[in-house]
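A.B. asks: So that we are looking at the same thing, I have put the structure below in structure tokens.
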Amino acid sequence: MGMDDPQQIQFTIDRLARLSAAEAWAQGLNPTQAAVLSYLCRANRFSRSPSHVANYLASTRGTVSQTLKTLVRKGLVTETRNKADRRSIHYDATAAGRALAQSVPSLDAAARSLATGRLAQANETLADILRQALATRGMRSFGLCRTCAHHERRGGGGYCHLLKVNLQPVDVGQICHEHSA
-6 MGMDDPQQIQ FTIDRLARLS AAEAWAQGLN PTQAAVLSYL CRANRFSRSP
44 SHVANYLAST RGTVSQTLKT LVRKGLVTET RNKADRRSIH YDATAAGRAL
94 AQSVPSLDAA ARSLATGRLA QANETLADIL RQALATRGMR SFGLCRTCAH
144 HERRGGGGYC HLLKVNLQPV DVGQICHEHS A
């Protein structure tokens, strides 16, 4: 099996995922907890409900709900109910959760060791594969706000034409469940 075999990409991605999961266990998180915490640290304020997390992770709402409860008990995540609709809940990573998510050793160092051109090429290739896989499954892209068709650049942050809201500067660099390429 050579490097031009598409199946090799799957094997490589699986191996990288296993390495990442092993690092999460070493930090006291199971792989699902680490993935949920990572998502919450990168998701914008409109994308932190249990259903959004489940959709992003291609997981069940039950698994995600139990994982969120565990992360709340560990003090890594807070739960907030919508004042207008008490059934609606969103979650935020606490300072301890953000610190842990950043401290979990990751593949960043290995990726940074690549030459700039190779890193950009690897990112583009993996993004293309992800887009194709999501399209095949009819799943949402969850891209960055600033790359969305609904985003309008404005001073300081931006404006979302879909949600009809002004965006904070932090929002435009985070992932959104409403993203449309």
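Counting from -6, one number per residue, gives the positions in the sequence shown under our numbering.
By construction, the Cβ of each residue, glycine as well, lies at the ideal position given by its N, Cα and C atoms.
#1: Can you tell me where the alpha helix (DSSP H) with residue 93 in it begins and where it stops?
#2: Starting from the C-beta of residue 152, find all residues in its chain whose C-beta is less than 7 Å away, skip the five residues before and the five after it, and write them out in chain order.
#3: When we look at the beta-carbon of residue 43 and count the other beta-carbons within 10 Å, is it buried (16 or more) or exposed?
#4: Decide if the stretch 79 to 99 is in contact with the stretch 126 to 143; the criterion is three or more beta carbon pairs, one per stretch, under 8 Å apart.
#5: Using the rule of at least 16 other Cβ atoms within 10 Å of the residue's Cβ for burial, across every protein chain shown, is residue 154 buried or exposed?
#6: Across which residues does DSSP place residue 246 in a beta bridge pair?
#7: If we ignore side chains and look at the alpha-carbon of each, how far apart do residue 81 and residue 14 end up?
C.D. replies: A quick look at the data gives this:
#1: Indexing the sequence shown from 1 puts residue 93 at position 100. Per DSSP, residue 93 belongs to the alpha helix (DSSP H) from 88 to 96.
#2: To locate residue 152, count along the sequence shown from 1; it is residue 159. Residues of the same chain with a CB within less than 7 Å of the CB of residue 152, apart from the 5 flanking positions on each side, are 145, 159, 160 in chain order.
#3: Counted from its first residue, the sequence shown places residue 43 at position 50. With at least 16 other beta carbons inside 10 angstroms of its own, residue 43 counts as buried.
#4: Segments in contact, no.
#5: To locate residue 154, count along the sequence shown from 1; it is residue 161. Per the 10 Å Cβ criterion, exposed.
#6: Given that the chain is displayed from residue -6 to residue 174, the structure contains no residue 246 and the question cannot be resolved.
#7: Reading the sequence shown from its first residue, position 88 is the one you call residue 81. Reading the sequence shown from its first residue, position 21 is the one you call residue 14. Near 30 Å, if we compare the C-alpha coordinates of residue 14 and residue 81.
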